[in-house]
Each structure stands twice: as C-alpha cells, then as structure tokens.
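Structure record follows, encoded as structure tokens.
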DNA sequence: CATTCTATTGACACTTGTTCAATAACGCCA
DNA sequence: TGGCGTTATTGAACAAGTGTCAATAGAATG
C-alpha cells in the first residue's frame, strides 16, 4: 500500500508539455534585486507562510532551487526583504536641514507620509514582517524606526521641543507608534481628514506630548 | 527509486516503547479551555508557524488529531486563541464609574496597564497574532481595541476631553497605538520610569492630544 | 570552436499540516 | 455487576510545502 505515484509534479506553471521556458540568465546582482523587489510586493499582502516558494518562483519565472541558492532558506529571504524595505525607507526620507525646528519637524513628517503613500506595499512588508517575524527581523524594524525618530529627535527638534530623559525617550517611541498607526489608518479610510490635516496632526502632536513631560501637571478642568 | 520506508514515525514523545500514555478523557469544555490556555501561553513567544501541531499536542498531552477535532485547522485554532485573549482583556478591564472624567481616564488606563503586566503572555498573543495573522484575526484585535478606546471615549471622557469628529476618531486610534507601545516598551525596559509616571504619561497624553484638535493652531515658539 | 566558469534547474528527501476509520473511556440501564 | 451505546480520543495514511544537491545550459574566454 501507500507509495502512490507521488505526483511530485510540481508543474512548471502554465506551459505546454515539452516546450519548457528558456533559461533567463542574469547577473547575481540583478537576480537578487529582482527577487527582493518581488518579495516586497508579494509580502505586502500575504504573510510569510501564506507565500509559498512555489508561487514566488513561478512569479519570478525561476525554479525554486534558485531562491535557495541566493538566500539559503525562506526566513533568510524574508529577512532580506524586510531589510531592503527598511533601507529604502531610511534613504528616501532624508530630512531637510533648513527652517526652524517646527518647520523641519513638519517637513520630516511630510517626507515620511509621502513615502508611505508612494511605497505602500514596501512599507506594509516592513510593518507586517516586523510583527510576524523572528527576533532578527523585529530588530531591523526597530532600528529603522529608531533611526527615523532619532533623526527628528537630534537634528530637527533638538532640545527645542522635548529634552532627553528616559521618560522622553519612551514617549518619543510612543509618538512613533502613533504616527505609524495614523498614516496606515488614514490610508485605509481617509474620509473626513485631508492630507494637510493629517500632517498637522502628526507634527503638532509631538510638542503637545512634550508639554506633559517636564514636571507632570494635570490638565485644567 | 522512491518509495522509501516512509518512516512517518512521528514518535509519541519521550515514552518507553510499549507503555503508551493512558488516555485522559475530559469534557469538551475542559479540553477546549485547556488547549486555548496552552495556545495563549505558547503563542506569546512563538509565531504561528514556529509552533508545530506536534509540539502543541505533546505539550497538552494529547494526539494531533484531537486538536483538529476541536478546532478544524491550525489557523482556526489561532483565531480561537486570539479571541480568547481579546475577550479576557475586555472583561478584565471593566472601567470604573465614579469620579470626574480625568480620574476615570486614569483609572481606565491603570486597569489596562495592570492587565498587561499581569497577563503579559496573553496580551502578547493578542498583539502578535493580530500583526502576523489573517484578516479575521486582525478584525478581532481591532474590535477589542475599539471596544477599549470607545469605552474611554464615550463613558470616561465623554465630550469633556475631545469631541467626536473623523479627525478626533483618527487621533484617538493613534493614541491607542501609542498607549500600547508605551506599556510594551516600558515592560521590556522600565529603567528610569516608574509605574506612576507611565500611567500619568498615558492619561495626560490624551487631553494633550485633544488640545491640538478643534481648530489646529501652531504651537508657540 | 573548444573549454572553463557559473547561474540555473529538477528530482529527491524530509518536515509538517490534515483526514478519517478505529479505539477506549465513561455513563446508563437492566 | 455486566453489557451497551455514546463519544472523546487516537494513530496511521495522505497532502502539501520546504530544503538539498548533482546535473545542466548559457555566457565568456582563449
């Protein structure tokens, strides 16, 4: 019993039998880049275990083996994809260096929002990867967010908005989480809030939060 | 060629050959409850695909088949675990009904923080599940968080802190995200911030954010 | 045109989720 | 107490996906 014909037939996609697709030979850099881009796109809507190597390979027009040749295993591929998305985010949101602190903060926030709008897929890969992934991936995500907020903390709003204490660091982190949630929620349903209102909300919330810091005082009522 | 002896030998754990563990027959409710509790615990530190049915079954002292009998498949089990964690959260953070709005807000926030501290594992299951999981699971998570924030919005701080507009809703959601990040970050590294400072930070941040809402006005500088 | 190099493949082995007929513990009634 | 139906539980077979590696084919080089 058992030992059915196995049917390991991992069909080579939708191709007439006998005329297999010609090999498409690229340089390692090109291939790597192609696969990472594809990964970013595919992992924006699926979680890692919803993305099979089969689908990925077919979508890329390569064999499964090639993916292992480049990335070793599925999780390493995921990690590379997340790292690519994170690097991209950091690079494309370089802060301005002119204007007063408030203006620069607004500019930073604007760059961030514009990036997320323009690269929704890539940003989702990053966020979703961080949440579902292992420790290494979460680290990449944390580093990226720290880089973003530290940039605002040090360069754009140095000392003028909030000072540097453990409580301030914590609150700053919280502000980052809020900011991320604001963009993503707004993108899902933007009704009733314009882009400018969103930007103002994000920029103004930081000094507003900073105001509760120095010596905590209850709000008037 | 193929058809090796298959060796499907999914060893029944660490048990001497021949003396299998006696069946432990529970009522469906008890068994379900046991499995959900275990799931909450195990999924606090692993992601779903890092948790094999094998491990789960062994840890619970049951066969793999039984899990399928109760939950159908792995994802349905995950969903049930997340739902249990969410229900638990809602139930155990019932808000107080006395005091002025600010006091009630502080009490709500305190109940939330205390719950997370006391049920760290369960809360992590919820958060991690929501991030890595499918749409249904994310829905459960969103509903739970909306229930929490709506409670504060309607009952604890009705109209007295912020009014009800799309922008306010959005900001409220963002505040929720910030609050969650604050607790979890603080738990990871509490140095420099006391529990009371954290609570004050969370409670005061809501009116502080509300102050930027009505007609956006740039902060003084 | 022959040869070397290497990007790429495809079949195979292995792990793990899923199904289902068989089994054994429990309550019930004679 | 002992047979009997009910049903919680099991284990082996099945399916689908991941990871491995020797063989292959496209390009560059002489």
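Protein chains in written order, with our numbering: chain D, 1480 to 1700; chain U, 1480 to 1700.
C-beta atoms are modelled at their ideal positions from N, C-alpha and C, and glycine is treated no differently.
This one's a predicted model, so the numbers in the text were calculated from it and none came from an experiment.
Endpoints, the alpha helix (DSSP H) within which residue 1604(U) is located:
Start at 1 with the first residue of the second chain, and residue 1604(U) comes out as number 125. Run containing residue 1604(U): 1599-1611, per the alpha helix (DSSP H) assignment.
Buried or exposed: residue 1596(U), going by 16 or more other Cβ atoms within 10 Å of its Cβ?
Along the second chain, read from residue 1 onward, the residue named residue 1596(U) stands at position 117. That one is exposed.
In whole angstroms, what is the alpha-carbon distance linking residue 1684(D) and residue 1568(U)?
The residue labelled residue 1684(D) in the question sits at position 205 within the first chain. The residue labelled residue 1568(U) in the question sits at position 89 within the second chain. Looking at the two C-alpha atoms, the distance is approximately 28 Å.
Beta-carbon proximity check, residue 1527(U) vs residue 1548(U), cutoff 7 Å:
Numbered from its first residue, the second chain carries residue 1527(U) at position 48. Numbered from its first residue, the second chain carries residue 1548(U) at position 69. No.
Between which residues of its own chain and residue 1589(D) is the CB-CB distance below 7 Å, once the five residues before and five after are set aside?
Mapped onto the first chain, residue 1589(D) falls at position 110. These residues qualify, in order along the chain: 1678.
Which residue marks the beginning of the alpha helix (DSSP H) containing residue 1703(D), and which one marks its end?
Here chain D has residues from 1480 to 1700 only, and residue 1703(D) is not among them.
Considering residue 1632(U), what are the terminal residues of the alpha helix (DSSP H) in which it resides?
Translated into the one-based positions of the second chain, residue 1632(U) becomes position 153. No alpha helix (DSSP H) holds residue 1632(U); DSSP gives it neither H nor E.
Please name the residue, chosen from 1598(U), 1585(U), 1692(U) and 1633(U), that lies closest to residue 1663(U) on a Cα-to-Cα basis.
In the second chain, residue 1663(U) corresponds to position 184, counting from 1. Residue 1663(U) has its Cα closest to that of 1598(U), out of 1598(U), 1585(U), 1692(U) and 1633(U).
Per-residue DSSP class, three states only, for residue 1489(D):
For the purposes of this step, residue 1489(D) is taken as the residue at position 10 of the first chain. Coil.
With DSSP run on the structure shown, which of helix, strand or coil describes residue 1692(D)?
The residue given as residue 1692(D) occupies position 213 in the first chain. Correct three-state label for residue 1692(D): coil.
Among 1561(U), 1603(U) and 1651(U), nearest to residue 1524(U) - alpha-carbon criterion:
Here residue 1524(U) refers to the residue found at position 45 when the second chain is read from its first residue. Closest option to residue 1524(U), Cα to Cα, is 1603(U).
Just how far apart, CA to CA, sit residue 1673(D) and residue 1624(U)?
The residue you call residue 1673(D) lines up with position 194 of the first chain. The residue you call residue 1624(U) lines up with position 145 of the second chain. Distance between the alpha carbons of residue 1673(D) and residue 1624(U) is about 24 Å.
Residue 1562(U) burial status per 10 Å Cβ neighbour count (16 or more: buried)
For this step, residue 1562(U) is matched to residue 83 along the second chain. Classification for residue 1562(U): buried.
What does residue 1670(U) touch in chain D if you count any residue whose Cβ is under 9 Å from its own?
By 1-based counting over the second chain, the position of residue 1670(U) is 191. Per Cβ cutoff of 9 Å: 1645.
Determine, using beta carbons only, whether residue 1483(D) comes closer than 7 Å to chain U.
Numbered from 1 along the first chain, position 4 holds the residue referred to as residue 1483(D). In this prediction, residue 1483(D) has a pLDDT of 37, which is less than 50 and means its spatial position is unreliable; what the coordinates show is noted afterwards. For residue 1483(D), the answer is no, since every Cβ of chain U falls outside 7 Å of its Cβ.
Just the C-alpha distance for residue 1601(D) and residue 1575(D), rounded to the nearest angstrom, thanks.
As a first step, residue 1601(D) is located in the first chain; it is residue number 122 there, counting from the start. As a first step, residue 1575(D) is located in the first chain; it is residue number 96 there, counting from the start. Going from the Cα of residue 1601(D) to the Cα of residue 1575(D) covers about 23 Å.
DSSP three-state assignment for residue 1518(U), whether helix, strand or coil
By 1-based counting over the second chain, the position of residue 1518(U) is 39. Residue 1518(U) falls in the helix class under three-state DSSP.
Whole-Å CB distance - residue 1652(U) paired with residue 1660(D), under 8 Å assumed:
For the purposes of this step, residue 1652(U) is identified with residue 173 of the second chain, where counting begins at 1. For the purposes of this step, residue 1660(D) is identified with residue 181 of the first chain, where counting begins at 1. Contact flag correct, Cβ pair sits at about 6 Å.
CB contact check: residue 1571(U) to chain D, cutoff 7 Å:
Locating residue 1571(U) in the second chain gives position 92, counting from the first residue. No, because no Cβ of chain D sits closer than 7 Å to the Cβ of residue 1571(U).
Which residue wins for smallest C-alpha separation from residue 1587(U), given the options 1692(U), 1681(U) and 1519(U)?
Against the second chain, residue 1587(U) aligns to sequence position 108. For residue 1587(U), the nearest C-alpha among the options comes from 1681(U).
Looking only at C-alpha atoms, which of 1566(U), 1552(U) and 1538(U) sits nearest to residue 1594(U)?
Translated into positions along the second chain, residue 1594(U) becomes position 115. Minimum Cα distance to residue 1594(U) is reached at 1566(U).
Considering only their Cβ atoms, is the gap separating residue 1591(D) from residue 1609(D) smaller than 7 Å?
Along the first chain, read from residue 1 onward, the residue named residue 1609(D) stands at position 130. Along the first chain, read from residue 1 onward, the residue named residue 1591(D) stands at position 112. No, they are not a contact pair.
Classify residue 1628(U): buried if its beta carbon has 16 or more other beta carbons within 10 angstroms, exposed otherwise.
Translated into the one-based positions of the second chain, residue 1628(U) becomes position 149. Answer is buried; the Cβ neighbour count reaches 16.
Please compile the residues from chain U whose C-beta is within a distance smaller than 9 Å of the C-beta of residue 1516(D).
Along the first chain, read from residue 1 onward, the residue named residue 1516(D) stands at position 37. Those do not exist, as residue 1516(D) stays about 23 Å from chain U at its closest Cβ, beyond 9 Å.
Would you grab the beta carbon distance between residue 1539(U) and residue 1517(U) for me? Rounded to a whole angstrom, and I think it's under 8 Å.
Within the second chain, numbered from 1, the residue matching residue 1539(U) stands at position 60. Within the second chain, numbered from 1, the residue matching residue 1517(U) stands at position 38. Indeed, because the Cβ distance is near 5 Å, the residues count as touching under 8 Å.
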